[in-house]
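Below is one structure, written out as structure tokens, with a few remarks after it.
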Amino acid sequence: MKMIDDNLQQLLLNYCEPESELLQKINRETHLKVLMPRMLSGHYQGRVLSLLSKMISPSRILEIGTFTGYATLCLAEGLSKDGLLYTLDINEELEDMV
Numbered sequence: 124m125k126m127i128d129d130n131l132q133q134l135l136l137n138y139c140e141p142e143s144e145l146l147q148k149i150n151r152e153t154h155l156k157v158l159m160p161r162m163l164s165g166h167y168q169g170r171v172l173s174l175l176s177k178m179i180s181p182s183r184i185l186e187i188g189t190f191t192g193y194a195t196l197c198l199a200e201g202l203s204k205d206g207l208l209y210t211l212d213i214n215e216e217l218e219d220m221v
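Here it is, written out as structure tokens:
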């Protein structure tokens, strides 16, 4: 099932910054090791989260629902210099991946 129109996909490829090696690794490991990998934020949503965080430059972020940490890292990109990121998840099985 196609989630993104081809034209939109091409636009995103042209203008989004590339996925970092660390985020690529988390994406790959999530798809290999987790039962429901579609819960991963993914590249495009991650770039939006990063952009919003960079615009606000928060000193604190509370993330509820860590999953495998992809969105966590994207949000952390915009933290202020001494900023703190708190993240919570109910699924203890994923602790080792984060």
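What the sequence shown shows, in the working numbering, is residues 124 to 221, in sequence order.
Every residue gets a Cβ at the ideal spot worked out from N, C-alpha and C, and that includes glycine.
The model shown is predicted, which means the values in this text are computed figures rather than measured ones.
query                                                                                                           : result
For isoleucine 127 and arginine 151, the rounded distance between their alpha carbons                           : 20 Å
Nearest candidate by alpha-carbon position, reference histidine 79, set Asp129, Lys204, Leu207, Cys197          : Past the boundaries of the shown model lies residue 79; the chain is included only from 124 to 221, so the question cannot be answered.
Beta strand (DSSP E) segment containing leucine 113, residue limits                                             : Outside the displayed range of the chain (124 to 221) lies residue 113, so it cannot be described from this structure.
For leucine 158, three-class secondary structure by DSSP                                                        : coil
Runs of alpha helix (DSSP H) lying entirely within the region 173-199, each at least 4 residues, in chain order : 193-199
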